[in-house]
Structure formats: C-alpha cells, structure tokens
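Only one structure is covered here, and it is reproduced in the block below.
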Amino acid sequence: MNLILQAFKSNATDINVIAALAKAQRVEHIDAGRVPDVQAWRCVDVDNSDETRVAVDAACLSAQVDYAFVDPALRLADFRLVAMDMDSTLITIECIDEIADMQGLKPQVAEITEAAMRGEIEFNESLTRRVALLKGLDASALQRVYDERLQLSPGADNMLKAIQAAGLKTLLVSGGFTFFTDRMKTRLGLDYTHSNTLEVADGKLTGKVVGGIVNADEKRLTVERVCREIGADPSQAIVMGDGANDLKMMGISGLSVAFRAKPVVRAQADVGLNFVGLDGILNLLA
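In this note's numbering, the protein residues as written are 750 to 1035.
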C-alpha cells in the first residue's frame, strides 16, 4: 500500500513526520506538472493498520495536507466513468441557496440545505421545503445565479481535461436543477447529466419540482444505469460528492472521493480532498 500526500503548501518536516508515522520505506516526489500549484509525494510501502490511519489523519489535518492510502497498481486507466455531484462539488455554490438569496430567503434555505447535507433531514423533504420557499420568484433569477455566482471548484477544469483525454465518460448527477446541469453539460462537454426540474408558470417559479426527485437512491440508480450503457461495472466508476445524499452512489463505486465534504461523508469515502482541488485525484492514480 502507498500513501499519497498532497498540499498547496507544505514543508519537508511535515512530510517527513507523516511518512515516519506511516512507516514508509521511501518517499518520492510526484510530477508537479500533473496538478499545477500542488506539491505531491508518494510514500511507498506503508503500514495500513487502523492505528496508523488514525495517526496519519490527525497529522495531515494539522498540517493541512490531503492524504490517501492507495493500491500502487491502481491507475486512471482502470476506470471508465467519473460521476460528480454538482453543488459544492463540481461548483462552489449551492444553487438553491443563491436562488433563495434573490428572495431574501437565503438564511432559511441554507439552514435546511446544511441539515440535509449532514444527513439530519431526509432529502426529499428538504428539497420540497426549500423549493416551496421560492414560489413566486421570477425565473430570470436562475440566469442571474448562473451568470453572477456560479464558479467551478478549484481544479475542476484540469481534472475534466485529464479524464476526458484519458477516454473516461463523465456524469453530472445532482439534487440540484436542470437549468444549471444543462449549462454545465454544454460548457464542459460532459457526457451525461441528471437532476431536478423546477416548475415555471407565467415566468415565475411555482415552488414545485416537475416529476420525481433526484435523491440518494436516484443518484445511485443513475450511476448504475450509465455504467450499463457504457458497458462498465460500478467498480470502474470514480464518484465524487460532498453531502449525505451522495453516499449511496459513492458506496457502489470503485473509488469514492469526498470533496470539501461533511464529516459523515469524509468518514465513509475512500479519499478525502479537504485542501487541494478536484484534480487532486490525478495524483492518486499516477
């Protein structure tokens, strides 16, 4: 087992301490060109015990270093699909919170969003409650959110270019809205998207969603469906998310990645990216 360490900024002392905790046989630098502005190291043939993992986790958190215990044989070419959540994963915002801000309701909606992402409120209930608060808002607010507030997460462009160049398919599956996922598909050249549709009547949001809700179960089913379509097994999927409603699709993947995630998600994911960008996965599969 290898231990991959990466950070925007770190020092040799931190890395040497972490490598010693992991009982690494040697430490190698990983090519800096793969992920710009990130320093990365491969600690070779480390101890993989629970005790070591706990010690490494604490040391890395203190030093603001991301880490992952990785099978040295694992490569990007072993995967066929990258499936991503959208809000707070591929992009930096929660779109529904920003839409609500146009109504002066961001605090109320954001509170429900946070509780849902922590797994404290069932997702269908949380989405229904949040969307209901948007009733009467002019639908032009969606375009304003897209134009003025939506930004890609750090490393998203670099990650997508690399995985697309390697021939992997891409899926954006979101508990958010088609207004945004459709635009992300066109903008980023994604292969598949699936999300919720906001109902609009007379140019205004009705406070309802059209059709079924894309919840945790639907996200998992979507990953399975796309894998079947491309002739892949879910074990050949990398799945990235940040909230509790991502856990079921992450659980069937070959590599689950928690990005800036809630504690309940970090605890169950194979990999946590707390400090570097989305393209940090490239250093794990070098």
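Heads up, the beta-carbon is just placed ideally off N, CA and C, and yes, glycines get one too.
- For Lys-968, the enclosing alpha helix (DSSP H) has its first and last residue at 965 to 978.
- In chain order, Arg-783, Val-784, Ala-911 place their CB closer than 6 Å to the CB of Leu-1031, counting only its own chain and leaving out the 5 sequence neighbours on each side.
- In the structure shown, Phe-1008 adopts extended strand secondary structure according to DSSP, grouped into three states.
- Just measuring C-alpha positions, the residue of Arg-829, Lys-758, Ala-781, Val-776 sitting nearest Glu-973 is Arg-829.
- Under DSSP, Asp-1019 forms no beta bridge with any residue.
- When rounded, the separation of the alpha-carbon atoms in Gly-1003 and Asp-827 is 9 Å.
- Exposed is the label assigned to Arg-977, since fewer than 16 other Cβ atoms lie within 10 Å of its Cβ.
- With a threshold of 16 other beta carbon atoms within 10 Å, Val-803 falls short and is exposed.
- Going by beta carbons, Ser-1005 and Asp-991 fall outside the 8 Å limit.
- The stretch 857 to 865 makes contact with the stretch 839 to 847; the number of CB pairs closer than 8 Å reaches 3 or more.
- Under the 8 Å Cβ criterion, the stretch 1010 to 1024 does not count as touching the stretch 877 to 896, having fewer than three qualifying pairs.
- Of the residues Asp-931, Ala-817, Val-922, Ile-987, the one whose Cα lies closest to the Cα of Ile-753 is Ala-817.
- In terms of CA proximity to Arg-791, Asp-820 leads the group Asp-820, Leu-920, Ala-807, Asp-799.
- Residue range 830 to 833 is occupied by the beta strand (DSSP E) that includes Met-833.
- For Phe-818, the enclosing beta strand (DSSP E) has its first and last residue at 815 to 819.
- The DSSP assignment places 844 to 850, 855 to 866, 872 to 881, 889 to 897 as complete runs of the alpha helix (DSSP H) inside the stretch 830 to 898, in order along the chain (cut-off: 4 residues).
- Inclusion of Ala-789 and Ile-779 in the CB contact set at 8 Å is warranted, their separation being smaller than that value.
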